[in-house]
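Enquirer: The opening residue of the sequence shown carries number 22 in my numbering; numbering runs sequentially from there.
For reference, the structure I am asking about is given below.
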Amino acid sequence: MANGADVFSAFCAANLWPGLGRTTADKLATAGITGPDDVSVTALAKIDGIGAKRAEKLAKAFVQAAPRYAVAELLHEAGMPLRAAAAVVDALGSRAADSLAADPWRLLDSGQVEPRQADVFALRTLPTRPGKDDRRRGRAFTAAVLTRAARDGHTVLPDETVASALTGLDVPAPAAAIEAAIDDGVVGDFPVLDAAGEPQRLIGLTHYAMAEQAIGEGIARLLATAEELATPEGATAVTGGLDPAQRQAVQDVAANGVVVLHGGPGTGKSRTVAAVVELARARRKRIALAAPTGRAAKRLEELTGQEATTLHRLLGAQGTTGEFLHGESWPLDADVVVVDEASMLDVDLAAALVDACADGTHLLFVGDPAQLPSIGPGRVLGDILDSGVVPAVELTTLHRQAEGGTIARLAAAVRQGELTAVDDPSREVVVLPVPASPQAAHRVVQLVTDSIPRALGIPAGEVQVVTPVHRGPAGTIALNVALKQHLNPGPGALHGFDVGDRVVATANHMDDGFANGEVGVVTAIVDGALTVDFAGGGPVVVPPKAASDLVHGWAITVHRAQGSEWPAVVVVLPPEAGGMLSRPLVYTALTRAQRHLSVVHAAGHALVRGVREVGARPRRTRLSSVLQGE
Numbered sequence: 022m023a024n025g026a027d028v029f030s031a032f033c034a035a036n037l038w039p040g041l042g043r044t045t046a047d048k049l050a051t052a053g054i055t056g057p058d059d060v061s062v063t064a065l066a067k068i069d070g071i072g073a074k075r076a077e078k079l080a081k082a083f084v085q086a087a088p089r090y091a092v093a094e095l096l097h098e099a100g101m102p103l104r105a106a107a108a109v110v111d112a113l114g115s116r117a118a119d120s121l122a123a124d125p126w127r128l129l130d131s132g133q134v135e136p137r138q139a140d141v142f143a144l145r146t147l148p149t150r151p152g153k154d155d156r157r158r159g160r161a162f163t164a165a166v167l168t169r170a171a172r173d174g175h176t177v178l179p180d181e182t183v184a185s186a187l188t189g190l191d192v193p194a195p196a197a198a199i200e201a202a203i204d205d206g207v208v209g210d211f212p213v214l215d216a217a218g219e220p221q222r223l224i225g226l227t228h229y230a231m232a233e234q235a236i237g238e239g240i241a242r243l244l245a246t247a248e249e250l251a252t253p254e255g256a257t258a259v260t261g262g263l264d265p266a267q268r269q270a271v272q273d274v275a276a277n278g279v280v281v282l283h284g285g286p287g288t289g290k291s292r293t294v295a296a297v298v299e300l301a302r303a304r305r306k307r308i309a310l311a312a313p314t315g316r317a318a319k320r321l322e323e324l325t326g327q328e329a330t331t332l333h334r335l336l337g338a339q340g341t342t343g344e345f346l347h348g349e350s351w352p353l354d355a356d357v358v359v360v361d362e363a364s365m366l367d368v369d370l371a372a373a374l375v376d377a378c379a380d381g382t383h384l385l386f387v388g389d390p391a392q393l394p395s396i397g398p399g400r401v402l403g404d405i406l407d408s409g410v411v412p413a414v415e416l417t418t419l420h421r422q423a424e425g426g427t428i429a430r431l432a433a434a435v436r437q438g439e440l441t442a443v444d445d446p447s448r449e450v451v452v453l454p455v456p457a458s459p460q461a462a463h464r465v466v467q468l469v470t471d472s473i474p475r476a477l478g479i480p481a482g483e484v485q486v487v488t489p490v491h492r493g494p495a496g497t498i499a500l501n502v503a504l505k506q507h508l509n510p511g512p513g514a515l516h517g518f519d520v521g522d523r524v525v526a527t528a529n530h531m532d533d534g535f536a537n538g539e540v541g542v543v544t545a546i547v548d549g550a551l552t553v554d555f556a557g558g559g560p561v562v563v564p565p566k567a568a569s570d571l572v573h574g575w576a577i578t579v580h581r582a583q584g585s586e587w588p589a590v591v592v593v594l595p596p597e598a599g600g601m602l603s604r605p606l607v608y609t610a611l612t613r614a615q616r617h618l619s620v621v622h623a624a625g626h627a628l629v630r631g632v633r634e635v636g637a638r639p640r641r642t643r644l645s646s647v648l649q650g651e
């Protein structure tokens, strides 16, 4: 059995005791606290700098962390890092240690370990040496293969693909492993016909299968129950000045329960949405406007004069749990729901949205399927369009000529797979070729701190740097270090941040008031907490537990930038991004700019090749088939 003091020390060092900082952890032993039985309010209160109130909080947090401690004991005994303990408890619940004792491969459910590590854990914890054909192993490895596929956006895979992956993981009987996962209920199988009309079986995690089923059933329900908001003639009062496609979109929303409005930048999606809002107001209908990001919601609000919010706030997201207040039993109080930037919807969020729309609701998806797909699994917007069961209007006429003309034309060309030369005397778009990453980084800093503010009058606070990569001289990490030195030098007073720093959230913390991808500025540091003014939701106090999900945000990845726009954007394309460059990625990056776009280009021919040859990476999903009733 593992030494109790060793486990306790490792537990504290792994940040598994909520609220216990490193400084306090270092003082525990001197206060005689070397094991779980030593933890008490009285003992903690004897530590320098710990008052009675904080001692009480720490003691309570330790009791609540008991399930983590039980898992940590098992991991420590197996000679494995303890950092996965929190995720294991999140996945398996308060009796996680009992679950692991019965089935050590459940460790994979945490998403924090690889199959080989789970094998090591099983070997060291089971009383008898397990066989590679153990059904528990087969179940867990099948689920792990599909979980890994979900990180690449797939909700299902052909069974032969899953079987091949299992063979690569040294599972001797892949078919039996798949059946074990199906019997367990964690995985489902779905017979379909392939492109050649031959029968095929798809395998997917039950969770995502249920989400796609819920979206399909919910859309069918809304299409069947919506009543007409206005006749085509009745809609003419709000469609003056719209082109034929825009007028058709407004009429479709008035007549149908679900509609998709899509097109590139500058084609008038926002003007069309404004007309839909005007029509709903005239009919005294309750309206809800939302978008996946705070900036997109704020833009929607400004364009329509109607309150808008993030989709997570609209649905009443519950912290980091993935649960929502609004759903079938407590639907949204809205007759018309408009969701902008719908290309960012994954199957979980889309299922929650559709589930929260009461019978008779009119739901409008607004988006651009040419952008990057959602970070989470699925291709909701694309699948809805492909299904053909939902009325859809594509806007293609460029209206944004005076404002955003060059940006819109460049984006339209990239959308079609062409990278046109930029000749723009107005300097709305500037392309700056550089030979390598270090020069690219230097030019980025120069543009943000000097050239753009001086030449265009756009302050550095309204300039956003976007790059495909985290690593390297022109990745987010190095660029944020350089930009902080120039724009807001400081010691990193709390969690590496100073007042005036720009930050971006890397996870949802709805209870604390911010969502993944939101960009804000640190406005105060008080009592060990950061106050951040997020663009979409105003100032929030970020508690220490949530601060680890903030990083500096002067430079962010293209994926994090999706759904937001800034007055000026500097897109940097370093050589190390060459293999990542695709039409959707480049297109998404370029379309973040409202008034000015600088492209620092060091990717060479990889940029042209990516735009022309690399379209959206295919995702295997079922939603289109579900919508078609297959």
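Note that the Cβ used here is the ideal one computed from N, Cα and C, for glycine as well.
Does DSSP classify Leu-223 as helix, strand or coil?
Expert: Here Leu-223 sits in strand by DSSP.
Enquirer: Please check the pair Arg-616 and Pro-588, which I expect to be a contact at CB under 8 Å, by giving their CB distance rounded to whole angstroms.
Expert: Between Pro-588 and Arg-616 the Cβ distance is about 5 Å, and since that is below 8 Å, they are a contact.
Enquirer: Between the alpha carbons of Gln-649 and Gly-496, how many angstroms are there, rounded?
Expert: Distance between the alpha carbons of Gln-649 and Gly-496: 43 Å.
Enquirer: Just list the beta strand (DSSP E) runs in the stretch 212-274, keeping only unbroken ones of 3 residues or longer that don't cross its boundaries, in chain order.
Expert: Taking only runs of at least 3 residues, the beta strand (DSSP E) segments lying wholly in the stretch 212-274 are 220-226.
Enquirer: What residue from Leu-243, Leu-300, Thr-246, Val-208 has the CA that sits closest to Arg-268's CA?
Expert: Checked all of Leu-243, Leu-300, Thr-246, Val-208; the closest Cα to Arg-268 is Leu-300.
Enquirer: Taking buried to mean at least 16 other C-beta atoms within 10 Å of its own C-beta, is Glu-362 buried or exposed?
Expert: Per the 10 Å Cβ criterion, buried.
Enquirer: What are the partner residues of Ala-83, as DSSP defines its beta bridges?
Expert: Note that residue 83 is Phe in the sequence shown, not Ala. DSSP lists no partner for Phe-83.
Enquirer: What would DSSP say about His-530, mapped onto helix, strand or coil?
Expert: Note: His-530 maps to strand in three-state DSSP.
Enquirer: Could you tell me the boundaries of the beta strand (DSSP E) in which Phe-555 lies?
Expert: It spans 550-555 - the beta strand (DSSP E) in which Phe-555 sits, taken as one unbroken run.
Enquirer: Considering only residues of the same chain and omitting the five flanking positions on each side of Glu-77, which have a CB-CB separation below 7 Å?
Expert: So the qualifying residues of the chain are Val-62.
Enquirer: Return helix, strand or coil for Thr-331, following the three-state DSSP convention.
Expert: Thr-331: strand per DSSP, three-state reduction.
Enquirer: Consult DSSP for Leu-618 and reduce its assignment to one of helix, strand or coil.
Expert: If DSSP states are grouped into helix, strand and coil, Leu-618 belongs with the strands.
Enquirer: For Trp-126, does the count of other Cβ atoms within 10 angstroms reach 16, so buried, or fall short, so exposed?
Expert: By the 10 Å Cβ count, Trp-126 comes out buried.
Enquirer: Less than 9 Å between the C-beta atoms of Gly-599 and Gly-625, yes or no?
Expert: It is a contact, given that the beta carbons lie within the stated cut-off.
Enquirer: Comparing alpha-carbon positions, which option in Ala-64, Val-620, Leu-515 lies nearest Val-455?
Expert: The shortest Cα separation from Val-455 among Ala-64, Val-620, Leu-515 belongs to Val-620.
Enquirer: Three-state secondary structure (DSSP) at Pro-596?
Expert: Pro-596: helix per DSSP, three-state reduction.
Enquirer: So within the stretch 294-326, which uninterrupted alpha helix (DSSP H) runs reach at least 4 residues, ignoring any that extend past its ends?
Expert: As far as the stretch 294-326 is concerned, its whole alpha helix (DSSP H) runs of at least 4 residues are 315-325.
Enquirer: Would you list the one or two residues that DSSP bridges to Leu-282?
Expert: Per DSSP, Val-387, Val-414.
Enquirer: For Val-466 versus His-507, is the C-beta distance shorter than 9 Å?
Expert: Closer than 9 Å, so yes.
Enquirer: May I have the straight-line CA-CA distance separating Asp-404 from Val-368, to the nearest angstrom?
Expert: One C-alpha to the other measures close to 11 Å.
Enquirer: Have a look at Val-572 and Ala-526 and give me their C-alpha separation to the nearest angstrom.
Expert: Distance between the alpha carbons of Val-572 and Ala-526: 7 Å.
Enquirer: Is Asp-130 close to chain B? Criterion is C-beta to C-beta, closer than 9 Å.
Expert: Of the protein chains in the structure, only one exists, and it is not chain B.
Enquirer: Would you mind listing the alpha helix (DSSP H) stretches within the stretch 63-129 that are 4+ residues and don't spill past its ends, in chain order?
Expert: Those alpha helix (DSSP H) runs which fall completely within the stretch 63-129 and span 4+ residues are 73-85, 87-98, 106-113, 117-123.
Enquirer: Where does Pro-454 sit, in a helix, a strand or coil, going by DSSP?
Expert: The answer is strand: DSSP assigns Pro-454 an E or B state.
Enquirer: For Gln-85, does the count of other Cβ atoms within 10 angstroms reach 16, so buried, or fall short, so exposed?
Expert: So Gln-85 counts as exposed.
Enquirer: Would you kindly report the start and end of the unbroken beta strand (DSSP E) that includes Ile-396?
Expert: Per DSSP, Ile-396 belongs to no beta strand (DSSP E) and is neither H nor E.
Enquirer: How long is the line joining the alpha carbons of Arg-150 and Met-101, rounded to whole angstroms?
Expert: Near 18 Å, if we compare the C-alpha coordinates of Met-101 and Arg-150.
Enquirer: Under the three-state reduction of DSSP, which class applies to Gln-133: helix, strand or coil?
Expert: Looking at Gln-133 - three-state DSSP - the assignment turns out to be coil, as it is neither helix nor strand.
Enquirer: On a CA-only basis, which of Leu-167, Val-281, Lys-306, Ala-123 is nearest Thr-227? Give me that one, please.
Expert: Thr-227 has its Cα closest to that of Leu-167, out of Leu-167, Val-281, Lys-306, Ala-123.
Enquirer: Going straight from the alpha carbon of Leu-128 to that of Lys-306, what length do you get?
Expert: Cα to Cα, the separation comes out at about 50 Å.
Enquirer: Would you say Gly-385 and Val-410 are within 9 Å of each other, going by their C-beta atoms?
Expert: Before going further, note that residue 385 is Leu rather than Gly in the sequence given. Not closer than 9 Å, so no.
Enquirer: Can you give me the Cβ contacts of Phe-555 inside the same chain, cut-off strictly under 6 Å, excluding the 5 residues immediately before and after it?
Expert: Gly-315, Phe-535, Glu-539, Gly-541.
Enquirer: Per DSSP, Pro-560 is paired with what?
Expert: Paired residue(s): Asp-554.
Enquirer: Is the stretch 193-210 touching the stretch 240-255 in the sense that three or more CB pairs, one from each, lie closer than 8 Å?
Expert: Taking 8 Å as the limit for Cβ pairs, the verdict is that the stretch 193-210 does not touch the stretch 240-255.
Enquirer: Using the rule of at least 16 other Cβ atoms within 10 Å of the residue's Cβ for burial, across every protein chain shown, is Trp-575 buried or exposed?
Expert: Counting Cβ neighbours within 10 Å, Trp-575 comes out buried, since at least 16 surround it.
Enquirer: Excluding the five sequence neighbours on either side, which residues of its own chain have a C-beta within less than 8 Å of the C-beta of Leu-644, listed in chain order?
Expert: Thr-176, Glu-233, Ile-236, Gly-237, Val-368, Gly-399, Arg-400, Val-401, Asp-404, Ile-405, Ser-408, listed in sequence order.
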